[in-house]
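In our numbering, the protein residues as written are 308 to 665. C-beta atoms are modelled at their ideal positions from N, C-alpha and C, and glycine is treated no differently. Treat the numbers as computed from the prediction; the structure is a model and nothing was measured. Reviewing the structure listed below.
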């Protein structure tokens with residue numbers, strides 16, 4: 308039995324699949340893409356359970372059997388034609404693995420970054436948002452769910468794991484990144500949420516390990532394209548952009564002494580991005596949407612304390628044309644108005660659902 312016959316007869320399955328908000332269209336060629344660890348393979352394996360096994364071919368291009376037995380386009384096309392394959396899935400595909408894609412009734416290609424090919428419908432999969440995380444949770448308690456979300460983060464493999472989160476995170480870190488990428492991620496975690504340029508990151512990195520400028524700039528470009536690393540423009544501060552890693556729990560795992568406010572701030576920024584809300588930072592004062600809504604992370608701030616701070620910063624809000632201020636908290640709920648500018652505080656679990664509905 309050759310490898311292609313083996314793949315056709317051995318479809319892997321999901322043990323505990325939880326439905327995601329991102330759904331795959333039932334027809335057409337698709338490019339499912341997203342950051343590593345987002346759950347792309349699980350989504351694909353769930354789709355396979357609804358397909359005709361006899362005419363479906365799933366190939367995991369990270370299978371070690373392919374290291375010395377590469378698949379070429381001609382052999383793959385011959386197998387498709389001979390066996391009447393109507394659905395071909397190429398998982399973990401990277402650029403130029405094949406000189407051309409085979410001709411098949413339906414093709415799904417799974418990648419980290421979007422293919423530059425208009426023949427595919429692009430479908431981006433992010434890691435879990437808060438609502439999706441709760442679907443993985445067995446606890447019905449909202450407060451417990453929030454605490455678990457804070458501890459475990461947005462990666463599906465953490466959310467569904469019953470084992471130590473530290474051990475699962477360690478396995479993800481060691482298996483998903485090569486040695487130099489791991490070192491770079493450690494540098495990025497140390498400067499998580501700071502305003503940085505790529506040149507500054509290179510300066511920090513070369514102090515810690517041997518690295519070429521070309522490699523670092525190239526790798527940072529790939530990290531940004533994959534959305535492992537996110538940079539947010541600032542309306543207030545022009546030196547550098549605010550840098551975030553793609554998962555707040557992962558960033559905490561890679562460093563020590565990360566304060567709660569930093570995690571909470573990142574939770575809010577990532578929630579905005581996952582819900583496709585374009586924002587810029589306003590210095591250290593929060594996030595501004597294109598509708599000039601200012602979103603302030605303030606997990607435990609009381610109404611009295613925020614009111615005083617709002618009075619002190621009111622001229623800044625006016626200068627930048629802020630039309631509404633939303634204060635995201637852990638549990639507090641209050642609202643007030645200063646000179647026709649409305650301020651409303653909402654707990655994170657309510658706020659994240661509201662933004663998802665917009």
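Between the alpha carbons of residue 438 and residue 330 lies a gap of roughly 15 Å.
For residue 342, DSSP assigns no beta-bridge partner whatsoever. In this structure residue 335 is exposed. Its beta-carbon is surrounded by fewer than 16 other beta-carbon atoms within 10 angstroms. Under DSSP, residue 485 shares a beta bridge with no residue.
The DSSP assignment places 536-539 and 548-552 as complete runs of the beta strand (DSSP E) inside the region 495-567, in order along the chain (cut-off: 3 residues). Note on geometry: alpha-carbon atoms of residue 472 and residue 508 lie some 28 Å from one another. Under the three-pair Cβ rule at 8 Å, the region 594-609 counts as touching the region 632-639. Non-local beta-carbon contacts of residue 414 in its own chain, meaning distances under 7 Å to residues more than five positions away in sequence, involve 336, 395 and 408 in chain order.
Of the residues 352, 373, 572 and 404, the one whose Cα lies closest to the Cα of residue 363 is 352.
Under the three-state reduction of DSSP output, residue 631 falls in the strand class. Assignment of alpha helix (DSSP H) within the region 399-449, counting only whole runs of 4 or more residues, yields 437-443 in chain order. Contact annotation: the region 311-330 touches the region 373-389, with at least three C-beta pairs closer than 8 Å. DSSP places residue 595 inside the beta strand (DSSP E), whose first and last residues are 594-596. Sequence-distant partners of residue 444 (beyond 5 residues in either direction) whose C-beta falls short of 7 Å from its own C-beta, in its chain, are 452 and 455. Of the residues 486, 644 and 429, the one whose Cα lies closest to the Cα of residue 332 is 429. For residue 319 and residue 401, the gap between their C-alpha atoms comes out near 21 Å. Where residue 652 is concerned, the enclosing beta strand (DSSP E) starts and stops at 648-654.
The DSSP-derived three-state label of residue 332 is coil. Boundaries for residue 586: no alpha helix (DSSP H) harbours it, while the beta strand (DSSP E) harbouring it runs 586-588, taken from the DSSP string. Pairing residue 435 with residue 461 gives a Cβ-Cβ distance under 7 Å. In this structure, the alpha-carbon of residue 579 lies about 21 Å from that of residue 419.
Across the set 575, 629 and 381, the C-alpha of 575 shows the shortest separation from the C-alpha of residue 552.
Excluding the 5 residues flanking it on each side, residue 535 has same chain C-beta neighbours closer than 6 Å at 342 and 553, in chain order. Note that the C-beta distance between residue 591 and residue 617 is not below 7 Å.
According to the DSSP assignment, residue 351 belongs to the alpha helix (DSSP H) that extends over 347-355. Inter-residue distance for residue 517 and residue 511 is about 11 Å (C-alpha atoms, whole angstroms).
7 Å or more divides the Cβ of residue 475 from the Cβ of residue 483.
A residue is called buried once 16 or more other Cβ atoms fall within 10 Å of its Cβ, and residue 597, having fewer, is exposed. For residue 388, the enclosing alpha helix (DSSP H) covers residues 380-390. Distance from the CA of residue 601 to the CA of residue 327, rounded to the nearest whole angstrom, comes to 29 Å. Residue 634 and residue 594 have their C-alpha atoms some 11 Å from each other. About 17 Å separates the beta carbon of residue 561 from that of residue 523, a gap too long to meet the 8 Å contact definition.
Checking the DSSP bridge columns, you'll see residue 365 partnered with 396.
Cβ contact annotation for residue 399 (same chain, cutoff 7 Å, sequence separation greater than five): 367, 368, 369 and 417, in chain order. In the displayed model, residue 636 falls within a strand according to three-state DSSP. For residue 462, there is no enclosing alpha helix (DSSP H), as DSSP marks it with neither H nor E.
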